[in-house]
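For the sequence shown, the residue numbers in the numbering used here are 126 to 399.
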Amino acid sequence: MWSTHGPFLIAIIIKFPAKECAKAYSFARFMRGSDPMEAFRICPVGDQAVLCEFDNEIDVQTNDRVQYLAVQIKAAHPKGVTEVLPTYRSLLIFYDQAITTYRRLMPVIKKFSSIKASEMQEKKRIRIVPCCYGGEEGPDLVGMCRELGRSEEEIMQIHQSVDYKIYMLGFLPGFVYLGGLDERIHMPRLSIPRTKIPARSVGIGGSQTGVYPMESPGGWRLIGRTPLSFYDQTNDPPVLCKAGEYIRFAAVTEREYELIRQDVVNKVYRPEFA
126 MWSTHGPFLI AIIIKFPAKE CAKAYSFARF MRGSDPMEAF RICPVGDQAV LCEFDNEIDV
186 QTNDRVQYLA VQIKAAHPKG VTEVLPTYRS LLIFYDQAIT TYRRLMPVIK KFSSIKASEM
246 QEKKRIRIVP CCYGGEEGPD LVGMCRELGR SEEEIMQIHQ SVDYKIYMLG FLPGFVYLGG
306 LDERIHMPRL SIPRTKIPAR SVGIGGSQTG VYPMESPGGW RLIGRTPLSF YDQTNDPPVL
366 CKAGEYIRFA AVTEREYELI RQDVVNKVYR PEFA
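And the structure:
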């Protein structure tokens, strides 16, 4: 218990008396079920947030429950809730302590967190992300071919064959944490990270793939570049994707890349969904 939840227990001890801590732990135990998919914990984080944790695994089923709870909490508009932040296996709910309290929020959270995964009928939303592989846009693709013993076409085909779930956003505005990269193209990060990676570069780092939303340092292997802007402060909303959605990469030629990029810049590009 301590190794996993130490920081949150500290927050409880500082902000809540012993009686409240006991109630929180009692409620957390009550929320556990016999089915691993029903495992659920809740605890206060300071006096303005509540942490909801599902299971101890990073997988699609667990994240589905996190996303479902986030959507339902937003739709219910509980008084005082100011923001919900989904991650791989947990949801952090922020609230205004002048309007509501931890105890008032517990029944709302309990209502939606008790839904079984089999009862969630969320439609899979798959965004098509064009990608120009190799060449100047993907300078590490050739090196990956040598290390993996595969051709560029093989790596490109494997990379495009998966619908990647967006587990969460973070690190940089619009940076998507994707799950599902095929083991055949897992690659360790560069031993010496680059100091500057172009915005919209598509990379692979370990067991993950992703898109750099803006120019930044980074150590992932760059295999291509998308013409889509994953973050543009002139757009509303500025972030292209949402947690819970899926991404499917689709290869395009250099000419197609340039045409799509021009449409994106001119605000006339129409997004594609599968």
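The beta-carbon is built from N, C-alpha and C at its ideal position, and this holds for glycine as well.
Query: Less than 9 Å separating the beta-carbons of LYS199 and ILE224?; Result: no
Query: In chain order, what residues of the same chain lie with their CB nearer than 7 Å to the CB of ASP221, ignoring the 5 residues before and after it?; Result: GLY205 and THR207
Query: Between PRO232 and SER238, what straight-line distance do the alpha-carbon atoms span, to the nearest angstrom?; Result: 10 Å
Query: With a cut-off of 8 Å, do at least 3 Cβ pairs link the region 307 to 326 to the region 363 to 373?; Result: no
Query: TYR302 and TYR213 - do their beta-carbons sit closer together than 9 Å?; Result: yes
Query: Less than 9 Å between CB atoms is the rule here; does GLY274 satisfy it with respect to chain B?; Result: Included in the structure is just one protein chain, with no chain B present.
Query: Using 8 Å for Cβ pairs, my map puts ARG346 next to LEU315. What's the rounded Cβ distance?; Result: 7 Å
Query: Starting from GLN333, follow its DSSP beta bridges and name the residues at the other end.; Result: GLY330
Query: When the distance is taken between beta carbons, is ARG250 closer than 9 Å to GLU397?; Result: no
Query: Quick one: what does DSSP say ILE385 is sitting in, helix, strand or coil?; Result: helix
Query: Please confirm whether any heavy atom of the ligand ZN lies closer than 8 Å to the CB of CYS257.; Result: In the structure on display, the ligand ZN does not appear, and there are no ligands present to speak of.
Query: On the criterion of 16 or more Cβ atoms from any shown chain inside 10 Å, does ASN188 qualify as buried, or is it exposed?; Result: buried
Query: Could you give the distance in angstroms between the alpha-carbon of MET293 and the alpha-carbon of GLU261?; Result: 29 Å
Query: Start and end of the beta strand (DSSP E) containing SER341?; Result: 341 to 343
Query: Going by the DSSP bridge assignment, what does VAL254 pair with across the sheet?; Result: PHE374
Query: Across which residues does DSSP place LYS290 in a beta bridge pair?; Result: GLY304 and TYR371
Query: Under DSSP, the alpha helix (DSSP H) around SER238 begins and ends at which residues?; Result: 227 to 238
Query: Can you find the residues in the same chain that come closer than 8 Å, C-beta to C-beta, to CYS257, ignoring five residues on each side of it along the sequence?; Result: GLY263, GLY349, ARG350, THR351, PRO352, ALA376, VAL377, THR378, GLU379, GLU381 and TYR382
Query: Within 10 Å of its beta-carbon, does THR359 have 16 or more other beta-carbons around it, so buried, or fewer, so exposed?; Result: exposed
Query: To the nearest angstrom, how far is the alpha carbon of PHE155 from that of ILE291?; Result: Its pLDDT being 39, under 50, PHE155 is placed unreliably by the model, and the measurement read from it follows with that caveat. Taking the straight line joining both Cα atoms gives about 30 Å.
Query: Let's see if you can read the secondary structure: which residues bound the alpha helix (DSSP H) around LYS249?; Result: First-last for LYS249: undefined, no H or E at that position.
Query: Could you check how far apart the C-beta atoms of VAL254 and ARG373 are, in whole angstroms? I think they sit under 8 Å.; Result: 7 Å
Query: May I ask which residues mark the beginning and end of the beta strand (DSSP E) holding LEU273?; Result: No beta strand (DSSP E) holds LEU273; the alpha helix (DSSP H) holding it covers 266 to 273.
Query: Could you name the residues that DSSP lists as bridge partners for PRO169?; Result: VAL175
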